[in-house]
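Protein sequences, first through last, are from chains A and B. All letters in the first sequence, in the order written, are residues 174 to 286 by my numbering. All letters in the second sequence, in the order written, are residues 2 to 117 by my numbering. In this text, a Cβ means the ideal position worked out from N, Cα and C, and glycines have one as well. Okay, structure first, notes after.
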Amino acid sequence: GDSVTQMEGPVTLSEEAFLTINCTYTATGYPSLFWYVQYPGEGLQLLLKATKADDKGSNKGFEATYRKETTSFHLEKGSVQVSDSAVYFCALRAGGATNKLIFGTGTLLAVQP
Amino acid sequence: NAGVTQTPKFQVLKTGQSMTLQCAQDMNHNSMYWYRQDPGMGLRLIYYSASEGTTDKGEVPNGYNVSRLNKREFSLRLESAAPSQTSVYFCASSDSSGRGGVNEQFFGPGTRLTVL
Numbered sequence: 174g175d176s177v178t179q180m181e182g183p184v185t186l187s188e189e190a191f192l193t194i195n196c197t198y199t200a201t202g203y204p205s206l207f208w209y210v211q212y213p214g215e216g217l218q219l220l221l222k223a224t225k226a227d228d229k230g231s232n233k234g235f236e237a238t239y240r241k242e243t244t245s246f247h248l249e250k251g252s253v254q255v256s257d258s259a260v261y262f263c264a265l266r267a268g269g270a271t272n273k274l275i276f277g278t279g280t281l282l283a284v285q286p
Numbered sequence: 002n003a004g005v006t007q008t009p010k011f012q013v014l015k016t017g018q019s020m021t022l023q024c025a026q027d028m029n030h031n032s033m034y035w036y037r038q039d040p041g042m043g044l045r046l047i048y049y050s051a052s053e054g055t056t057d058k059g060e061v062p063n064g065y066n067v068s069r070l071n072k073r074e075f076s077l078r079l080e081s082a083a084p085s086q087t088s089v090y091f092c093a094s095s096d097s098s099g100r101g102g103v104n105e106q107f108f109g110p111g112t113r114l115t116v117l
């Protein structure tokens, strides 16, 4: 079945460091791909998305490119801030009308001043 | 707009007790979802409702029941709670208008449930 694999955390970085969180997927067809972010004590929020191969999603300085050839959707940010500390989830939406999402296990990012 | 609201925020139950988690959305969305979040396992879908009047099982439905009371409300019931149901529960909703595009899911703040 469809699945999402993302790198285990925690990832600890200093402020202004470069961030990469790896995400790969297994799916039939052409899924849509998402990154969600969960700040402490809150629900998940959509960070960015991409709906077809070679699409680049971007928001708040974060970017991810839908790579069909490597079945990947890695999250990157050039310069992280303390306020980026959160749990990041990669997810896919398979085809069909139900809009169900399949999530990865989440990666905790801790940014130190 | 409040978005997606959930009650209660926290709950402690004893094994065998029952309870209902409430969820409501004010975005006029057709679809609603219940997830559980456990350490190291991400979010797993328990049940979903593609539209008012329909419900379907997700990945981990055992031990749960749901009711789509109306378009706004989607409740999750634990009839006889077990320690394995200790988790954080999230409700979500999305538009499923079928007009194309990809419909974002909006999440509530979660309910932290402990079963002793």
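Buried versus exposed, by CB contacts within 10 Å (16 or more), residue i
{"i": "A83 of chain B", "result": "exposed"}
{"i": "D257 of chain A", "result": "buried"}
{"i": "F235 of chain A", "result": "buried"}
{"i": "A51 of chain B", "result": "buried"}
{"i": "S94 of chain B", "result": "buried"}
{"i": "G99 of chain B", "result": "Bear in mind that a pLDDT of 45 at G99 of chain B, under 50, signals an unreliable position, so the model cannot answer this."}
{"i": "L129 of chain B", "result": "Only positions 2 to 117 of chain B appear in the structure, and residue 129 of chain B is not among them; the question remains open."}
{"i": "A237 of chain A", "result": "buried"}
Interface flag, residue i vs chain A, CB-CB below 7 Å
{"i": "E9 of chain B", "result": "At residue 9 of chain B the sequence reads Pro, which differs from the Glu that was named. Not an interface residue."}
{"i": "E105 of chain B", "result": "yes"}
{"i": "R100 of chain B", "result": "Reliability fails at R100 of chain B, whose pLDDT of 45 lies under 50, so the model's placement of it is uncertain and the value that follows must be treated cautiously. With 7 Å as the cut-off, R100 of chain B does not count as an interface residue toward chain A."}
{"i": "P84 of chain B", "result": "no"}
{"i": "L117 of chain B", "result": "no"}
{"i": "P110 of chain B", "result": "yes"}
{"i": "S88 of chain B", "result": "no"}
{"i": "G4 of chain B", "result": "no"}
{"i": "F75 of chain B", "result": "no"}
{"i": "L114 of chain B", "result": "no"}
{"i": "G17 of chain B", "result": "no"}
{"i": "L44 of chain B", "result": "yes"}
{"i": "S95 of chain B", "result": "yes"}
Opening and closing residue of the beta strand (DSSP E) in which residue i lies
{"i": "G230 of chain A", "result": "229–232"}
{"i": "A237 of chain A", "result": "235–238"}
{"i": "V13 of chain B", "result": "11–14"}
{"i": "E249 of chain A", "result": "248–250"}
{"i": "A190 of chain A", "result": "Per DSSP, A190 of chain A belongs to no beta strand (DSSP E) and is neither H nor E."}
Residue i - DSSP class collapsed to helix/strand/coil
{"i": "V255 of chain A", "result": "helix"}
{"i": "S52 of chain B", "result": "coil"}
{"i": "S81 of chain B", "result": "coil"}
{"i": "G101 of chain B", "result": "In this prediction, G101 of chain B scores a pLDDT of 46, lower than 50, which makes its location untrustworthy; the coordinate-derived value is nonetheless stated afterwards. The answer is coil: DSSP assigns G101 of chain B none of H, G, I, E or B."}
{"i": "Q86 of chain B", "result": "helix"}
C-beta neighbour in chain B for residue i, strict 7 Å
{"i": "L217 of chain A", "result": "yes"}
{"i": "T178 of chain A", "result": "no"}
{"i": "F276 of chain A", "result": "yes"}
{"i": "G279 of chain A", "result": "yes"}
{"i": "N272 of chain A", "result": "yes"}
Three or more C-beta pairs below 8 Å linking the stretch 15–23 of chain B and the stretch 247–254 of chain A: Judged by Cβ distances under 8 Å, the stretch 15–23 of chain B makes no contact with the stretch 247–254 of chain A, as fewer than three pairs qualify.
Report yes or no: do three or more beta-carbon pairs, one from the stretch 28–48 of chain B and one from the stretch 73–91 of chain B, lie closer than 8 Å? Result yes; three or more Cβ-Cβ pairs closer than 8 Å.
The stretch 273–280 of chain A touching the stretch 36–43 of chain B, judged by at least three CB pairs closer than 8 Å: Note that the stretch 273–280 of chain A touches the stretch 36–43 of chain B; at least 3 beta-carbon pairs, one per stretch, sit closer than 8 Å.
Contact between the stretch 104–111 of chain B and the stretch 207–227 of chain A: three or more CB pairs below 8 Å? Counting Cβ pairs under 8 Å, three or more are found: they touch.
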